[in-house]
Amino acid sequence: GDFNRPNLRFEVIKTQRAEEKESSLTDLLSEANGSAIVYTSTRNEARGVFEWLARRGFSVGLYHAGLETAQRTQTQRDFHLDRLRIMVATVAFGMGIDKPDIRRVIHYNIPGSLESYYQEAGRAGRDGQPATCTLLYSQSDVRIQRFFIEQAYPEPEQVFRLYALLREAHPTTRSVDDLATASQMRGIGVNAALQMLYEQGWVAVTPDGKYRVTQPTLERPAVDFHPFLQRKARDDARLKTMLTYTDGARCRRVHLLRYFGQTFAPPCQNCDVCASHEVGVAIGVQSPETARATAESDRVARLMLQAVADLGGRLGQRAIRDVLLGSHRKQIVEWKLDRAEAYGQLRSYGRPRITGWIEELVSRRLLHVTAEEYPKLRITDAGRQALENDSRIALSGFAESAVSGSAGQQDAERSPTAHEAPGVDPTLHERLRRWRAQKARELSLPAYGVLHNAVLEEIARRRPSTLGELAGFRGVGARKIEQFGKEIIELVQGSPLSPNPNAAAASPEVRSSAMSPALGSAIEPSAAAPSPPDLPLQIELFRQGGPEPDHAALLSLLQNAGALRTTEIVSAMHTLAALGIPQAIPPLLKILDSPNGNLVIYAAEALGELGSREAIPKLMGLVEDLRPGVRRAAVRALGRLRAQEAMERFKRVVAEDESDAVRLAAQAALMRMAGTSQAAGATHV
462 GDFNRPNLRF EVIKTQRAEE KESSLTDLLS EANGSAIVYT STRNEARGVF
512 EWLARRGFSV GLYHAGLETA QRTQTQRDFH LDRLRIMVAT VAFGMGIDKP
562 DIRRVIHYNI PGSLESYYQE AGRAGRDGQP ATCTLLYSQS DVRIQRFFIE
612 QAYPEPEQVF RLYALLREAH PTTRSVDDLA TASQMRGIGV NAALQMLYEQ
662 GWVAVTPDGK YRVTQPTLER PAVDFHPFLQ RKARDDARLK TMLTYTDGAR
712 CRRVHLLRYF GQTFAPPCQN CDVCASHEVG VAIGVQSPET ARATAESDRV
762 ARLMLQAVAD LGGRLGQRAI RDVLLGSHRK QIVEWKLDRA EAYGQLRSYG
812 RPRITGWIEE LVSRRLLHVT AEEYPKLRIT DAGRQALEND SRIALSGFAE
862 SAVSGSAGQQ DAERSPTAHE APGVDPTLHE RLRRWRAQKA RELSLPAYGV
912 LHNAVLEEIA RRRPSTLGEL AGFRGVGARK IEQFGKEIIE LVQGSPLSPN
962 PNAAAASPEV RSSAMSPALG SAIEPSAAAP SPPDLPLQIE LFRQGGPEPD
1012 HAALLSLLQN AGALRTTEIV SAMHTLAALG IPQAIPPLLK ILDSPNGNLV
1062 IYAAEALGEL GSREAIPKLM GLVEDLRPGV RRAAVRALGR LRAQEAMERF
1112 KRVVAEDESD AVRLAAQAAL MRMAGTSQAA GATHV
């Protein structure tokens, strides 16, 4: 059938705080005429929204499965007869709804799937007249859905705990509430576990809805968790698809209809995304009426765009803002973001203005907020084009001249552009730009992927004469030095000083004193920091599909494992394993002897991924380790290595190990090796 409902308008409103969501809800319901449904994820949320609206004088009813049947029936009748204009409800409200003139359906929380969303939203406008379907989206709602999924699929040890409780109670039966209390699990998890045990015949249900074991003498059933895990993976995928719907990059109708296997050519002319394109907001070159393209607006916008591009789309808006502000927040320092090129570059403007400018660039589609549980800020194609283009980028709050605005803003507006900045050699700067453009073409990279504008400007100002001096520049790490260092120094040496007195390069003494302590320390050897300062960024960019990080620096981290934080070593191990670097095997073998259990776990997994058969003897020993996590990692690595000599040990683990996780890992390893043996046998037939 045709899933398209042309009379329905779809929109998503993103909110950060509860107050914003409440305000948006009251605004929407104040504007709307006719009946409306507000769907919430939980009964508590439904009651809270109902009370909020009732206090503000709205004609509103409440409906959820926890209410008495008579109350639900009366509320539903009042809504159908237009005695109530608004119904706040959970998903319990909807089956059999035949009210044709519902003008608006609002989802106060994000549903777990597009199927649920479209079914509930589709209760609007059944009379064929225009109606609106609004999703109020906030990040905290996603955590609720994640919680529902986690609760619906309990861990194996929880399933076995419930089975043990039923077995201990035999022949007495137990209700879901009894088991929830005894196991200290939530009802949704207890129901899910019992359903799985019931489907596989390990428990039975009595006529009064209670449970008992079917084989009282069986201490531990051989539960097959694979169907369970497959269902969980499907629910995870459905939630992810629902999250992508909130992304403003594609027509909402196209997204919905494609999910149901139906094609549709945008624009639909009836969703918020198509409407924003129609008025030109999404083109990227347009901007609010208050925005002006000045030298300073261009500098600020480029700094923000380049910061997002530099950091590979792995950070959210708050982290990007804090980098630009030069925040000393713990997370910023731990991730070494205080060494990023953009760090502290906009601290003079303050948090509110930077936040507003980021949102402005998002609204103009130069930046994009991803649709996921923890949204990330990424640069768009339009944003990359803006960086490549020499045209000034407008931002609100910048005056066209120094006449208007505060004294501080006037000073900022009078500040020169990159081409005019004091001390910048214009001849060298232009040669560097041409060289960068050529390199970008050769490497199929955007220009900023070679070097950023700010780096070119700094090179043209300070004129480094050695690779050591160049290494002190922000944004020029070991990999950049290796790739481009020699050519840059040759360009500098081959470019005579400009006769322009304003462009005279600073003396070596000035260059030295101008370097901040952070920059100066970046080229000082240190046993505690053997890697280049941008190595964490290199690793993250590689994970995002970028170039490979510095192999030597990664190996150096492993060799200095005792002097560094566990998180740094683990990150290096993951990356070296993903790259398949065999030189990592010797230091990884040494780490297996470490007293740090976390390091041992990740080293074992890395050795398995690298296919290191020389690790098998040590891994066999670790199967007997006292730490369950270490035993599990060793079993997984041996399974990955198809270590046939470990099969008997795996069988003993399955029968005797006290940890469910270790036993399951051993079962999986045995299945993997059995599959390998069968495949090998088939090739000889």
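Residue numbers (my numbering): 462 to 1146. Don't be surprised by glycine CBs; every beta carbon is placed ideally from N, CA and C. It should be emphasised that the depicted structure is a prediction, and the values quoted were computed from it without experimental measurement.
Check	Outcome
Quick one: grab the DSSP three-state call for SER857.	strand
Going by DSSP, what residues sit across from THR595 in a beta bridge?	GLU472 and ILE567
Report the residue ranges of all alpha helix (DSSP H) runs contained in full by the stretch 764-823; include only those spanning at least 4 residues, in chain order.	778-786 and 791-795
Taking the continuous alpha helix (DSSP H) assigned at ARG1196, which residues delimit it?	Because the chain spans 462 through 1146 in this model, residue 1196 falls outside it and cannot be assessed.
By the three-class DSSP mapping on this structure, what secondary structure does HIS525 have?	coil
Helix, strand or coil: how does DSSP classify ARG544 here?	coil
Let me know the beta strand (DSSP E) ranges lying completely inside the stretch 624-655, each 3 residues or longer, listed in chain order.	none
By DSSP, does LEU679 sit in helix, in strand, or in coil?	coil
Could you work out which residue in VAL637, TYR659, THR642 and ARG673 is closest to PHE689 when comparing CA atoms only?	TYR659
What is the rounded straight-line gap between the Cα of PHE433 and the Cα of LEU679?	In the structure as shown, the chain starts at 462 and stops at 1146, and residue 433 therefore has no counterpart that could be examined.
Restricting to Cα atoms, I'd like to know which of ASP1086, PHE609, VAL510 and GLY1069 is closest to ALA1130.	GLY1069
Within its chain, find whatever has a CB closer than 7 angstroms to the CB of ARG1124; leave out the 5 residues flanking it on each side and keep chain order.	VAL1114, VAL1115 and ASP1118
Going by DSSP, what residues sit across from HIS829 in a beta bridge?	ARG839
Considering Cα atoms alone, identify which of ASP1086, LEU1071 and ASP1121 is closest to GLY1100.	LEU1071
Can you give me the C-alpha to C-alpha distance between ASN961 and GLU918, rounded to a whole angstrom?	Its pLDDT being 47, under 50, ASN961 is placed unreliably by the model, and the measurement read from it follows with that caveat. For ASN961 and GLU918, the distance between alpha carbons rounds to 16 angstroms.
Could you spell out the range, first to last residue, of the beta strand (DSSP E) harbouring SER577?	Premise fails: SER577 lies in the alpha helix (DSSP H), 575-582, not in any beta strand (DSSP E).
Pull up the CB-CB distance for SER577 and VAL552, whole angstroms please, since I reckon it's below 8 angstroms.	7 angstroms
Mind checking ASP602: buried by the 16 CB within 10 Å criterion, or exposed?	buried
Would DSSP call ALA493 helix, strand or coil?	coil
Whole angstroms are fine: how far does the CA of ARG853 sit from the CA of PHE859?	12 angstroms
Would LEU523 pass as a contact of PHE540 if the rule is Cβ separation under 8 angstroms?	no
Short of 6 angstroms in beta carbon distance, which residues of its chain neighbour ALA736, apart from the five on each side in sequence? Order them along the chain.	none
Give me the Cβ distance between LEU764 and LEU785, rounded to the nearest whole Å; I'm assuming they're in contact under 8 angstroms.	7 angstroms
With burial defined as no fewer than 16 other Cβ atoms inside 10 Å of the residue's Cβ, what is the status of ALA1065: buried or exposed?	buried
Might you give, ordered along the chain, the residues of its own chain that have their beta carbon closer than 8 angstroms to the beta carbon of ILE547, omitting 5 neighbours on each side?	LEU490, SER496, ALA497, ILE498, VAL499, LEU514, PHE519, SER520, VAL521 and GLY522
Tell me whether the beta-carbon of LEU1019 lies closer than 8 angstroms to the beta-carbon of PRO1048.	yes
Candidates LYS482, ARG922 and ARG800: which alpha carbon is nearest GLY509's?	LYS482
Is ARG673 helix, strand or coil by DSSP?	strand
In this structure, how does DSSP classify VAL664 when only helix, strand and coil are distinguished?	strand
Which partner residues of ILE498 appear in the DSSP bridge assignment?	MET548 and VAL566
Can you tell me whether CYS712 is helix, strand or coil according to DSSP?	coil
Can you check whether the CB of PRO615 is closer than 8 angstroms to the CB of ALA654?	yes
Would you say the stretch 595-614 touches the stretch 565-575, given that touching needs at least three Cβ pairs under 8 angstroms?	yes
Pick helix, strand or coil for ARG418, following the three-state DSSP scheme.	Absent from the structure is residue 418, since the part of the chain shown begins at 462 and ends at 1146.
Output the distance between the C-alpha atoms of GLN792 and LYS837, rounded to the nearest integer angstrom.	15 angstroms
With a 10 Å radius around its C-beta and 16 neighbouring C-beta atoms as the bar for buried, classify HIS829 as buried or exposed.	buried
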